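Report on the structure given below.
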Amino acid sequence: MFDWIWQNFTHAGLLGVHEGTMLTEEASEQGLETESWTVDAAEAPRERDWIESQKETTAELYFDSEDHARGAAEILSGIERLVIGGITEQRPEDWDAKWKASFLNTPDGIVVPPFWRILPPWSSVPVNPDVSVLRINPGAGFGTGTHETTQLCLGAIADCWLAVPRAWPGVLDFGSGSGILAIAAAKLGAKVTAVEIDTLAIDNALDNARLNQLETQITFQTTLDGANGPFGMVIANILKPVLLQFSEELVNRLSPKGVLILSGLIEKDLEAVSARFSELLGFTPVRRELNEWRALVWVRS
Numbered sequence: 002m003f004d005w006i007w008q009n010f011t012h013a014g015l016l017g018v019h020e021g022t023m024l025t026e027e028a029s030e031q032g033l034e035t036e037s038w039t040v041d042a043a044e045a046p047r048e049r050d051w052i053e054s055q056k057e058t059t060a061e062l063y064f065d066s067e068d069h070a071r072g073a074a075e076i077l078s079g080i081e082r083l084v085i086g087g088i089t090e091q092r093p094e095d096w097d098a099k100w101k102a103s104f105l106n107t108p109d110g111i112v113v114p115p116f117w118r119i120l121p122p123w124s125s126v127p128v129n130p131d132v133s134v135l136r137i138n139p140g141a142g143f144g145t146g147t148h149e150t151t152q153l154c155l156g157a158i159a160d161c162w163l164a165v166p167r168a169w170p171g172v173l174d175f176g177s178g179s180g181i182l183a184i185a186a187a188k189l190g191a192k193v194t195a196v197e198i199d200t201l202a203i204d205n206a207l208d209n210a211r212l213n214q215l216e217t218q219i220t221f222q223t224t225l226d227g228a229n230g231p232f233g234m235v236i237a238n239i240l241k242p243v244l245l246q247f248s249e250e251l252v253n254r255l256s257p258k259g260v261l262i263l264s265g266l267i268e269k270d271l272e273a274v275s276a277r278f279s280e281l282l283g284f285t286p287v288r289r290e291l292n293e294w295r296a297l298v299w300v301r302s
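Going by the numbering used here, the sequence shown opens with residue 2, and the numbers climb by one from there.
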């Protein structure tokens, strides 16, 4: 059911899907746009291991406008045994205050091996020269550095660079959110094309690029149009349905000796995603994991 929702509403303003009830502050931590509109849908079919014991599933769908939310509600209301609970507006929150609060107990920032340190804009803590600092103000974009999928991608980017230190001819960051992964690749010398459908997130990501003095190395855009590559690295930290939907487009943009990094996955997602991309690439990936989250890495040789 959730795959069907993504396939049918991705181009109709869908920002996110949450199985279960999500508080506004939880939505912000997932990078959902402020002032988004939410459709509450109950009794959706079960799809995740952690809800298989339940007889009913509650899901919240996040859209970029009231019109898109109401259009989706009208379509979903025609599905048997699915009840629309209502449409509500998600109000903006004080992102800076929340971000600052998250660092009260971590004054040295967020350390991600092997050499990343993520700091907020106001931090003045001294750092060693062998540490690469990423200054991030998350705003409306997912990717503050606290989430496991972001850390998995940062680790994979660094490990690939350490294996063969170089400035990649180009990097594609698909679903760039706050811009943290694009900024990390640019820090290592790459020219980056960052694709993000949420224009508010792009505005925030541009600010983050400026914070790191890398705005001239990163191009932000809302679609893959014109981002033809080939790219030495393609990164996509996004949900399984979107990865599968854009699998051919992503692989077709990868250079003959390129690196593909996929995350945003849990264990149950791996079989389908690995099979699809391995079929297109002709070989299987290396798997990385952190807590319950997973990443897959293909390195062409």
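Think of the CB as a built atom: it goes at the ideal place given N, C-alpha and C, for glycine as much as any other residue.
Predicted model only: the values in this text are computed from it and were never measured.
Apart from sequence neighbours up to five positions away, the residues of its chain that approach S248 with a beta-carbon distance below 7 Å are R277, F278, L281, ordered along the chain. Residue burial is scored here from C-beta neighbours: V235 has at least 16 other C-beta atoms within 10 angstroms and is therefore classed as buried. Taking the C-beta atoms as reference points, P231 is found nearer than 8 Å to G259. Comparing C-alpha distances from A296 to each of G14, H148, F64, E197 shows the shortest one belongs to H148. For S248, there is no enclosing beta strand (DSSP E); the enclosing alpha helix (DSSP H) has its first and last residue at 248-253. Taking a C-beta distance under 8 Å as the contact criterion, G176 and A191 do not qualify as a contact pair. Taking the C-beta atoms as reference points, S133 is found no nearer than 8 Å to G110.
R211 and I80 have their C-alpha atoms spaced approximately 46 Å apart.
As DSSP reads the structure, A73 sits in no beta bridge. Relative to N253, the option among I203, R136, L225, V298 whose CA is nearest is L225. Between I239 and A157, the C-beta gap is not smaller than 8 Å, which leaves the two residues out of contact.
In the three-state scheme derived from DSSP, where H, G and I count as helix and E and B as strand, S264 is classed as strand. Straight-line spacing of the CA atoms in K269 and I137 works out to 31 Å. The continuous alpha helix (DSSP H) containing I184 extends over residues 181-188.
A straight-line Cα-Cα distance of about 18 Å links C161 and F284.
Residue environment analysis places N129 among the exposed positions, since fewer than 16 neighbouring C-beta atoms fall within 10 angstroms of its C-beta. Between A273 and I219, the C-beta gap is not smaller than 8 Å, which leaves the two residues out of contact. Of the residues assessed, G227 falls on the exposed side of the cut-off, its CB having fewer than 16 other CB atoms within 10 angstroms. E250 and L173 have their C-alpha atoms spaced approximately 11 Å apart. Excluding sequence positions up to five before and after L189, its CB lies within less than 6 Å of the CB of W162, all in the same chain and listed in chain order. R136 carries a strand assignment under DSSP once its states are collapsed to helix, strand and coil. Where I119 is concerned, the enclosing beta strand (DSSP E) starts and stops at 117-120. Distance from the Cα of L291 is smallest, within the candidate group T59, I203, L155, for L155. DSSP, reduced to helix, strand and coil, places G259 within a strand of the structure shown.
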